[in-house]
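Novice: Okay, here's the structure, questions in a sec.
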Amino acid sequence: MATSPQTAPQDAPAGEAPLLDVRNLHVEFRTREGVAKAVNGVEYAVSAGETLAVLGESGSGKSVTAQAIMGILDSPPGFVTGGQVLFHGQDLLTLGNEQRRRIRGARMAMIFQDALSSLNPVLSVGDQLGEMFRVHRGLSRKESRARAIELMERVRIPAARERIKQYPHQFSGGMRQRVMIAMAIALEPELIIADEPTTALDVTVQAQVMDLLAELRHEFHMGLILITHDLGVVADVADKIAVMYAGRIVETSPVHPIYAAPAHPYTKGLLHSIPRLDQKGRELYAIRGLPPNLLHIPPGCAFNPRCPLARERCRVEEPPLYRVDEQRTSACHFWKEAIGVDRAPADHP
Ligand code: ADP
Ligand code: MG
Numbered sequence: 016m017a018t019s020p021q022t023a024p025q026d027a028p029a030g031e032a033p034l035l036d037v038r039n040l041h042v043e044f045r046t047r048e049g050v051a052k053a054v055n056g057v058e059y060a061v062s063a064g065e066t067l068a069v070l071g072e073s074g075s076g077k078s079v080t081a082q083a084i085m086g087i088l089d090s091p092p093g094f095v096t097g098g099q100v101l102f103h104g105q106d107l108l109t110l111g112n113e114q115r116r117r118i119r120g121a122r123m124a125m126i127f128q129d130a131l132s133s134l135n136p137v138l139s140v141g142d143q144l145g146e147m148f149r150v151h152r153g154l155s156r157k158e159s160r161a162r163a164i165e166l167m168e169r170v171r172i173p174a175a176r177e178r179i180k181q182y183p184h185q186f187s188g189g190m191r192q193r194v195m196i197a198m199a200i201a202l203e204p205e206l207i208i209a210d211e212p213t214t215a216l217d218v219t220v221q222a223q224v225m226d227l228l229a230e231l232r233h234e235f236h237m238g239l240i241l242i243t244h245d246l247g248v249v250a251d252v253a254d255k256i257a258v259m260y261a262g263r264i265v266e267t268s269p270v271h272p273i274y275a276a277p278a279h280p281y282t283k284g285l286l287h288s289i290p291r292l293d294q295k296g297r298e299l300y301a302i303r304g305l306p307p308n309l310l311h312i313p314p315g316c317a318f319n320p321r322c323p324l325a326r327e328r329c330r331v332e333e334p335p336l337y338r339v340d341e342q343r344t345s346a347c348h349f350w351k352e353a354i355g356v357d358r359a360p361a362d363h364p
């Protein structure tokens, strides 16, 4: 039951493969404590020029899915045990390390939460950016430097010509994140995965970095996967949303309907935990309980121990992804109830 594929929508126009199409992906970590099932049949797709936001609490398998897509899974202990990662219709999981390395950076790139640990501390920012052009494009030192300055200007780092000589630690958090974005877009990849790119930044800087990402995605017509645990930041930038829980997709939707009427009690809980300016003083709603231990995912619906709508069926039968309408799916047996009841789950008896 746990390994049954989730029936996700096949939205791509007939005859045209989406840029990225992840199918029935399974990843597990083999640890001394046991096998942690981190990704359990994830399916999502992204087209060129489209932004998919992937949401879910910490530990829901968002990053591990991204690492499997990029081919940077920590292995061992992590292993992809099933599924496909189709990039222009080609399954990346069947490629060798060298072929995957060539795709990484040049055709798909990743932006991480913590630029300080992903940039090289002993190389100047200019050398790191320039290296992309020397290694991948065979440009001369001088040409590479000029391209590095252009890139820094493109991500709006002030005084790029001077700052290019500086080291990562000499940049503020927001500026460092811009450097990492510059590295990611240097070779004009078709797909960018941004994993909590603004989580470590303060709110104003968050918005600026998010705007920059959205703008670049538009300019280069890239596919963008934006991983976040914060529903608040995605409304303006994402086209569609996939919500993850315990390594599964539990809801998919275009952005706007999900805010109006989530079709899964878990999404509803996430929505209610966004601080709202119009409800100052109201206690923040948090989903009760904790995410499951991935060594022992509850049978049936993994969310059932925390779910206000749960009943016997939820404890025994794992829900497939039900089709809510043409564009939406929900892995809740009682999605009609979830979508129709306009109260926080906590308000239920
Ligand atoms: P998130 O949704 O917060 O990005 P992750 O994808 O990072 O969650 O992790 C999902 C789960 O995968 C973790 O809770 C953990 O159980 C497991 N996991 C991730 N990385 C490792 C690792 N290097 N070793 C063992 N288990 C891991
Ligand atoms: Mg993560």
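Residue numbering for the sequence shown follows this note's numbering, starting at 16 and increasing by one per position. All C-beta atoms in this analysis are idealised placements derived from N, C-alpha and C, irrespective of residue type, glycine included.
With H, G and I counted as helix, E and B as strand and the rest as coil, what does DSSP make of N135?
Specialist: Reduced to three states, the DSSP call for N135 is coil.
Novice: Within 8 Å, do at least three Cβ pairs link the region 167-178 to the region 186-204?
Specialist: yes
Novice: Mapping DSSP to helix, strand and coil, what is S345?
Specialist: Residue state, collapsed to three classes: strand.
Novice: If contacts are defined as beta-carbon pairs under 8 Å, then V249 and I256 qualify, I think. What distance do you get, rounded to the angstrom?
Specialist: 7 Å
Novice: Between L310 and L285, how many whole angstroms is the CB-CB distance? I'm expecting something under 8 Å.
Specialist: Contact between L310 and L285 does not hold, since their C-beta atoms are separated by about 24 Å, which reaches or exceeds 8 Å.
Novice: Grab the span of the alpha helix (DSSP H) containing H287 for me, first residue to last.
Specialist: First-last of the alpha helix (DSSP H) with H287: P280 to H287.
Novice: Are A121 and P204 closer than 8 Å when you measure CB to CB?
Specialist: Inclusion of A121 and P204 in the CB contact set at 8 Å is warranted, their separation being smaller than that value.
Novice: Tell me, please, whether the region 79-91 touches the region 43-61 by the rule of three or more beta-carbon pairs shorter than 8 Å.
Specialist: yes
Novice: For the ligand MG, list every residue whose C-beta falls under 7 Å from any of its heavy atoms, going in chain order.
Specialist: The filter returns S73, K77, S78, D210, E211 and I242, in chain order.
Novice: Specify, as a first and last residue, the run of the alpha helix (DSSP H) that A229 falls within.
Specialist: V218 to F235
Novice: Using a Cβ distance threshold of 8 Å, determine whether the region 152-159 contacts the region 92-108, with at least three qualifying pairs required.
Specialist: no
Novice: In the DSSP assignment, the alpha helix (DSSP H) including K157 goes from what residue to what residue?
Specialist: Unbroken alpha helix (DSSP H) run through K157: R156 to R169.
Novice: Please name the residue or residues paired with L241 in a DSSP beta bridge.
Specialist: A68 and A209
Novice: State the CB to CB distance for the pair T214 and M225, rounded to an integer number of angstroms; the pair is presumed to be in contact (CB under 8 Å).
Specialist: No, T214 and M225 are not in contact; Cβ-Cβ is about 11 Å, not under 8 Å.
Novice: Kindly list the residues whose CB is nearer than 6 Å to the CB of R45, restricted to its own chain and excluding five residues on each side of it in sequence; keep chain order.
Specialist: P92
Novice: Please identify the residue among T344, A32, I126 and G71 whose C-alpha is closest to the C-alpha of E266.
Specialist: T344
Novice: Indicate whether V445 and L108 have their beta-carbon atoms separated by less than 8 Å.
Specialist: The first residue shown for the chain is 16 and the last is 364, placing residue 445 beyond what the model contains.
Novice: Do you know how far the Cα of G86 is from the Cα of R116?
Specialist: Spanning the two alpha carbons is a distance of roughly 8 Å.
Novice: Just reading off the beta strand (DSSP E) that V61 is part of, what are its end residues?
Specialist: G49 to V61
Novice: Please tell me whether, using a cut-off of 7 Å, the distance from the CB of P183 to the nearest non-hydrogen atom of the ligand ADP is below it.
Specialist: no
Novice: Could you give the C-beta distance for I273 and L239, rounded to a whole number, given that I count them as a contact under 8 Å?
Specialist: Their Cβ separation, rounded to whole angstroms, is 18 Å, which puts I273 and L239 out of contact at 8 Å.
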